[in-house]
Amino acid sequence: MGKFLLNKETQKIEMHFDKQEYLALSDEQKREIKSRFLWSRTAGAWVSRSKNNHYWAKELAKKLNLEDAGATGERLSYEEELNKKAEKAEARSERYEEYADNAQKRAKNMQSVFNECRKDWSWVTQPNINSSRGRAFTRSREKIISRYRQGFEEYRKSDYFRDRAETARQTADKKQLRNPVYLHNRIKECKRNIAKFEKDIIYYEEQLYKIENGEVIKNYQGEEITAEQYQNWINDTLEKLEYEIDKQAFLENCLDEIGGNRFNKDNIKVGYLVKVKRWGIVEVTGTGTVNFTYKMINETGNLKDWISKDPYEAIIEIVEAKESKDNIVNPYVKGDILHSTRPGDNSVFRAYQVVGVTKKGVKIQQIAVENGKPIKDKFISDKQSQRRITKSKWSDFVGVYEDDWQLHKYTE
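Okay, so the sequence shown: first residue is 3 according to my numbering, each after it adds one.
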């Protein structure tokens with residue numbers, strides 16, 4: 003009988019059984035194996051396509067009556083995984099360069115005869131003569147031209163392999179570890195995963211405590227879950243947690259090596275001109291704890307005045323530290339009617355009347371909308387809401403919001 007196991011080094015499920023057992027399987031079973039596994043000559047086994055969630059891979063192995071052989075090997079640290087990936091990429095780039103050189107040699111060889119023959123233009127312009135020698139000449143010329151055309155296909159292959167080699171070299175170079183935005187995003191993922199795994203461990207321990215106190219716990223299929231299963235899940239999750247903690251520490255160390263978090267909410271203010279990696283010089287329109295928003299100032303067309311958001315790590319340098327002053331003026335007076343419109347047809351969705359005004363805000367009360375028009379002084383709610391005048395980060399809108407809807411001044 004065959005077996006299946008988890009290779010901790012690759013984090014893949016492997017199915018091991020001999021060729022005769024595989025040939026004895028039905029066509030449907032073979033198709034199912036190929037849909038979830040790939041044959042690996044290196045491992046001498048069927049290796050799962052999945053890397054993190056192995057539920058269906060294990061279910062298929064059980065369905066084939068394979069023995070669960072547990073796990074083998076030791077899980078690599080994140081740094082070891084990267085180094086191994088880089089080594090493979092470097093070897094792959096050399097292999098693709100060799101493929102490209104060979105394809106170029108084949109192309110030159112295929113086109114060499116035609117390049118020699120075309121020196122005599124009469125060979126190219128010779129008409130087809132319906133005689134034995136004429137037909138033989140025509141067939142010979144067609145073969146030479148056909149090989150010449152095939153040479154272009156080999157040149158295309160050469161370009162393709164060189165592109166693949168360049169991609170592999172970039173992977174081997176580990177350039178992403180010098181990109182602060184990439185590191186920031188990966189660190190954020192690590193923190194999210196760590197919080198999730200810690201929560202899962204607490205839940206498993208609570209369930210294990212219930213079982214130890216005599217409570218029976220079943221899964222969604224009505225099958226009883228044993229204390230051993232929960233303990234195995236705790237051990238697996240602890241291993242994942244340790245991996246994420248190690249990964250976070252490695253990434254934070256890489257971030258420190260390239261200068262760390264040089265910019266934050268304390269030294270980046272609204273109105274500053276800063277240089278970001280992707281867009282060049284932009285104007286800061288808003289600052290948060292982790293991210294900042296900015297407006298394009300050097301772009302044209304659809305990107306002119308376009309607003310975007312990035313983490314502070316995207317900032318290369320401060321170009322001009324000129325903070326903009328908050329000169330927002332309240333544009334409303336008592337009695338003004340404010341309304342929100344439907345995106346489809348700009349018809350009035352809700353309407354409010356300004357019943358009070360301060361320097362930085364207004365007090366509004368909802369009024370009726372009849373035949374698509376707001377009715378002044380016809381209040382449909384006793385509730386009065388205080389709203390602050392704000393400027394949108396994403397446009398030039400200055401006004402108030404209600405449930406994230408912009409309220410615009412109504413005019414007949």
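Glycine residues also receive a C-beta, built at the ideal position from the N, C-alpha and C atoms.
- Within the same chain, and ignoring the five residues on either side of glycine 46 in sequence, no residue has its Cβ closer than 6 Å to its Cβ.
- Taking C-beta atoms as the reference points, serine 79 and aspartate 248 count as a pair closer than 9 Å.
- Contact between the region 385-397 and the region 358-369 is established, with three or more Cβ pairs separated by less than 8 Å.
- Spanning the alpha carbons of glycine 401 and isoleucine 299 requires a straight line of approximately 24 Å.
- Just measuring C-alpha positions, the residue of Glu118, Arg135, Glu81 and Asn9 sitting nearest asparagine 54 is Asn9.
- If only complete runs of 4 or more residues are kept, the region 369-403 shows no alpha helix (DSSP H) anywhere.
- Pairing glutamate 322 with alanine 167, the inter-Cα distance amounts to about 41 Å.
- Judged by their CB atoms, glutamate 315 and leucine 243 are not nearer to each other than the 9 Å cut-off.
- Under DSSP, phenylalanine 6 takes part in a beta bridge, and its partners are Met17 and Asp70.
- The way I'd put it, the region 109-126 doesn't touch the region 194-209; fewer than three beta-carbon pairs between them come closer than 8 Å.
- Taking a cut-off of 8 Å for Cβ pairs, the region 96-107 and the region 162-179 touch, as three or more such pairs fall below it.
- Contact between leucine 7 and glutamate 16 is confirmed by a C-beta separation of about 6 Å, below the 8 Å threshold.
- The beta carbons of isoleucine 320 and isoleucine 382 sit no closer together than 9 Å.
- Leaving aside the five residues that flank aspartate 175 on each side, none in its chain has a CB nearer than 6 Å to its CB.
- Of Glu230, Glu225 and Ser52, the smallest CA-CA separation from tyrosine 211 is found for Glu230.
- When DSSP states are grouped into helix, strand and coil, proline 182 belongs to the helix group.
- Using a C-beta cut-off of 8 Å, the region 344-354 makes contact with the region 369-379, since at least three inter-stretch Cβ pairs fall below that distance.
- When DSSP states are grouped into helix, strand and coil, tryptophan 308 belongs to the coil group.
- In the three-state reduction of the DSSP assignment, threonine 44 falls in the coil class.
- Going by DSSP, glutamine 223 is part of no alpha helix (DSSP H) at all; its letter is neither H nor E.
- Bounds of the alpha helix (DSSP H) holding glutamate 89 are 80-119.
- Glycine 282 is bridged by DSSP to Val278.
- When the beta-carbon positions are compared, tryptophan 123 and arginine 143 stay at least 9 Å from each other.
- When DSSP assignments are scanned along the region 195-261, the uninterrupted stretches of alpha helix (DSSP H) that are 4 or more residues long and fall wholly within it turn out to be 229-259.
- The alpha-carbon of isoleucine 366 is positioned some 20 Å away from that of arginine 344.
- Residue pairing from DSSP places glutamine 355 in a beta bridge opposite Ile339 and Gln367.
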